[in-house]
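What follows is a short report on a single structure.
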Amino acid sequence: MNERFAQYRDKGVQYWNRFSSRQKILFFSTLFIIIIVIVVITMQLSKTEYEVAFQDLDSTDSAAVMTYLDSSGISYQLSTDGKSISVPSTEAARIKVDVGSQGIVQGGSIGYKVFDENSSMIGTTDNEFNVKYNNALNGEVEQLMRRMQGIKDAKVLINLPKETVFASQADQEKASASVVLSFNPGFRPSQENIDGYFNLVKTAVPNLPIENITIANNEVELKPTSMGGQAGVSSQVEENFTMQKKFEEEVKKNVKQFLSTLTGPDKVDVLVFSKLNFDKESRKEDLVSPVDNENMKGIEISSQIISNSFSGQGNTSGGVAGTGSQDVAGYPSGTDTGTSSSEESSETRNYEVNHITKDIIASPYTVKDLTINVAVEPPSGQTTLDQPTKDAIQNILVNIVRASLADSGIDYTDADLSKKVSVYSQQFGSNAAAAAAGKLANWMIWAIGAGALVIGAGAGYLFYRSRRKKAEEEEEDVPLQVPTEFPSINMDSITNESQVRKQLESLAKKKPDEFVNLLRTWLADEQR
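The sequence shown begins at 1 in UniProt numbering and counts up one residue at a time.
The structure is reproduced here in structure tokens:
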């Protein structure tokens with residue numbers, strides 16, 4: 001075994017010695033880098049990633065969340081300002097649900113749970129209970145306000161009056177509330193949001209009128225619509241204007257669509273002006289009306305007739321008239337002689353009439369006034385519309401206006417309705433046609449320019465192609481160049497240097513091309 005191990009070791013040493021020093025250094029460097037990469041990847045994969053689960057916490061909520069995480073054995077990271085807590089990302093969702101279900105994060109406010117947590121076996125005094133109840137009510141309202149749209153933080157202070165048994169419900173003191181809100185960055189509450197804030201506080205606190213509520217932010221005091229909030233007025237005006245324009249567009253579309261079937265498409269133009277009543281009326285009517293309208297009588301439900309008659313003989317005895325002891329002097333005394341009779345009758349009838357009670361809520365958006373103006377292009381070959389067609393269109397428009405003003409509360413005559421519509425003839429596009437006759441349209445100019453550019457580019461390409469083809473043909477027809485025969489100068493026969501110079505100068509003047517070629521040949525021979 002040892003011998004085999006020694007053989008393997010010797011082979012390994014021999015194999016290792018085959019490498020040069022540079023290869024050995026490169027091997028160890030590569031192995032070292034691989035080890036470092038493996039260690040770094042392992043550390044990154046085993047590293048716990050944290051995710052922000054709670055932010056914008058106050059000190060009370062931060063302490064409560066940290067206590068819960070410590071008791072549950074969950075690691076966490078607290079930000080430098082103490083307002084944010086990060087937890088492992090793999091458990092962030094579960095931790096949020098657990099903390100939210102237990103009501104740990106309350107925005108620094110306490111709710112009605114304070115009575116469950118701090119209940120005492122002995123009990124509390126009235127003053128202690130009132131303080132706890134007031135704080136709990138403030139906390140509950142704060143938590144409700146934070147759930148409203150756009151609110152980042154809220155601080156509520158509610159003053160509850162002391163109840164007394166010596167005052168009636170109407171004479172009791174009213175509660176009051178002061179609220180300070182902080183909105184999310186970039187959020188500006190609308191009047192509907194502001195009214196919602198006031199209604200939430202009003203309904204959460206008993207015996208609290210809306211005029212005793214004060215809500216403010218860092219800039220201004222907020223006002224509800226009932227106390228002069230301008231956002232509600234502006235939004236209502238904008239809504240009314242939009243509704244009016246929508247009604248006018250609908251009438252315009254219907255009139256134009258119907259008249260186009262008579263005159264043809266694109267031959268009708270309609271202009272509509274209207275005035276709508278946006279008042280919402282609510283009233284109660286108690287009416288009494290007879291059942292029989294002709295006789296103005298109701299239904300007879302009961303009748304009673306009583307009739308009495310009496311007759312008798314008077315007393316014949318009596319004294320002298322006007323002389324008795326009980327008689328008045330100068331006044332004739334009555335006589336009881338003769339027969340007397342009397343009758344008495346009474347009749348009672350009870351009638352029932354109609355008692356009608358009506359709670360009427362009149363919807364807004366009724367049409368108070370409507371005007372329709374129509375321009376119609378006459379048929380081809382005519383300058384104006386014929387009278388029957390014009391009258392027909394006039395009647396159609398009058399019927400539309402009459403139907404629209406049915407609920408206006410005003411009785412319009414046919415003459416009044418005729419004044420609210422107008423029909424006139426108009427040649428459409430005549431000026432445009434005259435202008436087009438003297439001037440081309442823009443799209444035609446662009447089209448002509450593009451066509452000219454394409455044609456020019458095509459002509460240039462054909463010219464270039466034909467020229468190139470011609471050059472190629474000329475190159476093919478050019479005969480092979482005959483080697484130039486240079487004039488020979490016998491250097492051996494010339495002994496005078498001046499004669500050589502003269503011959504070269506004459507050759508350069510008479511045949512410069514041949515002179516240049518001769519020089520090139522000499523230079524080439526020398527280089528060889």
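Where is the CB? At the ideal position from N, CA and C, for every residue including glycine. Since this is a predicted model, take the numbers as computed values, not measurements.
> Which word fits SER307, buried or exposed, when buried means at least 16 other C-beta atoms lie within 10 angstroms of its C-beta?
Replying inline: Taking the first residue of the sequence shown as position 1, residue 307 is located at position 307. SER307 comes out exposed.
> So ASN217 and SER182 are in contact, right, with Cβ under 8 Å, and what is the actual spacing, rounded?
Replying inline: The residue labelled residue 217 in the question sits at position 217 within the sequence shown. The residue labelled residue 182 in the question sits at position 182 within the sequence shown. Yes, ASN217 and SER182 are in contact; Cβ-Cβ is about 7 Å, under 8 Å.
>> I want to know whether the segment 393–403 touches the segment 412–432 - three or more CB-CB distances under 8 Å.
In response: Touching, yes, given that three or more Cβ pairs across the two stretches are closer than 8 Å.
> At which residues does the beta strand (DSSP E) containing THR371 begin and terminate?
Replying inline: Working through the sequence shown from its first residue, we reach residue 371 at position 371. Counting along the chain, the beta strand (DSSP E) containing THR371 begins and ends at 366–376.
> According to the neighbour-count rule (16 or more other Cβ atoms, all chains shown, within 10 Å of its Cβ), is LEU259 buried or exposed?
Replying inline: The count along the sequence shown starts at 1 and reaches residue 259 at position 259. Looking at its Cβ environment, which holds 16 or more other Cβ atoms inside 10 Å, LEU259 is buried.
> What does a CB cutoff of less than 8 Å around ARG18 pick up in its chain, not counting 5 residues either side in sequence?
Replying inline: Working through the sequence shown from its first residue, we reach residue 18 at position 18. None.
>> So for ASN212, helix, strand or coil by DSSP?
In response: In the sequence shown, the residue the question calls residue 212 occupies position 212. In the structure shown, ASN212 sits in a helix (DSSP, three-state: H, G or I).
>> Excluding the 5 residues flanking residue 580 on each side, which residues of the same chain have their C-beta closer than 8 Å to its C-beta?
In response: Absent from the model: residue 580. The displayed extent of the chain is 1 to 528, so no value can be given.
> For chain E, is any of its Cβ atoms less than 9 Å away from the one on TYR412?
Replying inline: Among the protein chains of the structure shown there is no chain E, as only one such chain exists.
> When you compare only the Cα positions, how much space is there between ILE35 and LEU45?
Replying inline: One-based indexing of the sequence shown puts residue 35 at position 35. One-based indexing of the sequence shown puts residue 45 at position 45. Rounded to the nearest angstrom, the two C-alpha atoms are 15 Å apart.
> To the nearest whole angstrom, what separates the beta carbons of GLN55 and LYS83, a pair I think is in contact under 8 Å?
Replying inline: The residue given as residue 55 occupies position 55 in the sequence shown. The residue given as residue 83 occupies position 83 in the sequence shown. Beta-carbon to beta-carbon, GLN55 and LYS83 are separated by about 6 Å, close enough to satisfy the 8 Å threshold.
> If GLU352 and ILE301 are in contact, beta carbons under 8 Å, what's the gap, nearest whole angstrom?
Replying inline: Mapped onto the sequence shown, residue 352 falls at position 352. Mapped onto the sequence shown, residue 301 falls at position 301. Right, their Cβ atoms sit about 5 Å apart.
> What did DSSP end up calling ARG188 once you bin it into helix, strand or coil?
Replying inline: Here residue 188 refers to the residue found at position 188 when the sequence shown is read from its first residue. Correct three-state label for ARG188: coil.
>> If you measure between the beta carbons of PHE273 and THR384, is that distance less than 9 Å?
In response: Residue numbering aside, residue 273 sits at position 273 when the sequence shown is read from its first letter. Residue numbering aside, residue 384 sits at position 384 when the sequence shown is read from its first letter. The answer is no: Cβ separation not under 9 Å.
> In chain order, what residues of the same chain lie with their CB nearer than 6 Å to the CB of PHE198, ignoring the 5 residues before and after it?
Replying inline: The residue given as residue 198 occupies position 198 in the sequence shown. Excluding positions up to five away in sequence, the list reads ILE210, ILE213 and PRO224.
> Would the beta-carbon of THR389 fall within 9 Å of that of LYS284?
Replying inline: Residue numbering aside, residue 389 sits at position 389 when the sequence shown is read from its first letter. Residue numbering aside, residue 284 sits at position 284 when the sequence shown is read from its first letter. No, the pair does not count as a contact, with Cβ atoms beyond the cut-off.
> Ordered along the chain, which non-local residues of its own chain (more than five positions away) have a Cβ less than 7 Å from that of VAL52?
Replying inline: As a position in the sequence shown, residue 52 is number 52, starting the count at 1. For VAL52, the CB contacts under 7 Å within the same chain, skipping 5 residues up- and downstream, are SER84 and SER86 in chain order.
>> Using only CA atoms, which one of MET243, ASN138 and LYS256 lies nearest to LEU200?
In response: Against the sequence shown, residue 200 aligns to sequence position 200. For the options MET243, ASN138 and LYS256, the alpha carbon positioned closest to that of LEU200 is the one of ASN138.
> What is the residue span of the beta strand (DSSP E) that SER226 lies within?
Replying inline: Counted from its first residue, the sequence shown places residue 226 at position 226. Element bounds for SER226: n/a, residue is neither H nor E.
> When we look at the beta-carbon of SER59 and count the other beta-carbons within 10 Å, is it buried (16 or more) or exposed?
Replying inline: Along the sequence shown, one-based indexing puts residue 59 at 59. With fewer than 16 other Cβ atoms within 10 Å, it is exposed.
>> How far does the beta strand (DSSP E) with PHE5 in it extend, from its first residue to its last?
In response: Here residue 5 corresponds to residue number 5 of the sequence shown, with the count starting at 1. Unbroken run through PHE5 is the alpha helix (DSSP H), 2–17; no beta strand (DSSP E).
> Should VAL131 and ALA154 be called a contact, given that it needs their Cβ atoms to be closer than 9 Å?
Replying inline: On the sequence shown, residue 131 is found 131 positions in, with the first residue counted as 1. On the sequence shown, residue 154 is found 154 positions in, with the first residue counted as 1. Judged by beta-carbon spacing, ALA154 lies beyond the 9 Å limit of VAL131, meaning their Cβ atoms are not closer than that value.
>> Rounding to the nearest angstrom, what Cα-Cα distance links LYS511 and ASP525 in this structure?
In response: Here residue 511 refers to the residue found at position 511 when the sequence shown is read from its first residue. Here residue 525 refers to the residue found at position 525 when the sequence shown is read from its first residue. The straight-line gap from Cα to Cα measures roughly 21 Å.
>> Once DSSP output is grouped into helix, strand and coil, what is the label at PHE273?
In response: Taking the first residue of the sequence shown as 1, we reach residue 273 at position 273. In the structure shown, PHE273 adopts extended strand secondary structure according to DSSP, grouped into three states.
> With burial defined as no fewer than 16 other Cβ atoms inside 10 Å of the residue's Cβ, what is the status of ILE494: buried or exposed?
Replying inline: For the purposes of this step, residue 494 is taken as residue 494 along the sequence shown, with counting starting at 1. For ILE494, the predicted structure reports a pLDDT of 48, less than 50, and the residue's modelled location is therefore unreliable. A value from the coordinates is still provided. So ILE494 counts as exposed.
>> For the alpha helix (DSSP H) containing ALA415, name the first residue and the last one.
In response: Your numbering for residue 415 matches position 415 in the sequence shown. Residue range 414–418 is occupied by the alpha helix (DSSP H) that includes ALA415.
>> Can you look up ARG141 in the DSSP assignment and give me helix, strand or coil?
In response: Numbered from 1 along the sequence shown, position 141 holds the residue referred to as residue 141. Rather than Arg, the amino acid found at residue 141 in this sequence is Val. Under the three-state reduction of DSSP output, VAL141 falls in the helix class.
> Got a sec, what are the start and stop residues for the alpha helix (DSSP H) LYS511 sits in?
Replying inline: One-based indexing of the sequence shown puts residue 511 at position 511. For LYS511, there is no enclosing alpha helix (DSSP H), since its DSSP letter is neither H nor E.
> Quick one: is TRP522 buried, meaning 16 or more other Cβ sit within 10 Å of its Cβ, or exposed?
Replying inline: As a first step, residue 522 must be located in the sequence shown, where it is residue number 522. The residue in question, TRP522, is exposed, as its Cβ has fewer than 16 Cβ neighbours within 10 Å.
> Given LEU157, which residues of its chain have a CB within under 6 Å of its CB, disregarding the five upstream and five downstream residues?
Replying inline: For the purposes of this step, residue 157 is taken as residue 157 along the sequence shown, with counting starting at 1. Same-chain partners within the cutoff: SER178.
> Which value, in whole angstroms, describes the spacing of the CA atoms of ASN127 and ASP359?
Replying inline: Numbered from its first residue, the sequence shown carries residue 127 at position 127. Numbered from its first residue, the sequence shown carries residue 359 at position 359. Roughly 49 Å between the two C-alpha positions.
> Once you ignore the five residues that flank ARG520 on each side, which residues in its own chain have a CB closer than 7 Å to its CB?
Replying inline: Along the sequence shown, read from residue 1 onward, the residue named residue 520 stands at position 520. For ARG520, where only same-chain residues beyond five positions count, there are no Cβ hits under 7 Å.
>> Helix, strand or coil for PRO483? Go by DSSP, reduced to three states.
In response: As a working mapping, residue 483 is identified with position 483 in the sequence shown. Bear in mind that a pLDDT of 48 at PRO483, under 50, signals an unreliable position, so the model cannot answer this.
> Which class does PHE54 belong to by DSSP, given the choice of helix, strand or coil?
Replying inline: Against the sequence shown, residue 54 aligns to sequence position 54. Strand at PHE54.
> How many Å lie between ALA375 and VAL237 at the Cα?
Replying inline: Counting from one through the sequence shown, the residue named residue 375 turns up at place 375. Counting from one through the sequence shown, the residue named residue 237 turns up at place 237. Between ALA375 and VAL237, the alpha-carbon positions lie close to 31 Å from each other.
>> Could you tell me the alpha carbon to alpha carbon distance between THR48 and LEU26, rounded to whole angstroms?
In response: Translated into positions along the sequence shown, residue 48 becomes position 48. Translated into positions along the sequence shown, residue 26 becomes position 26. When rounded, the distance between both Cα atoms is 35 Å.
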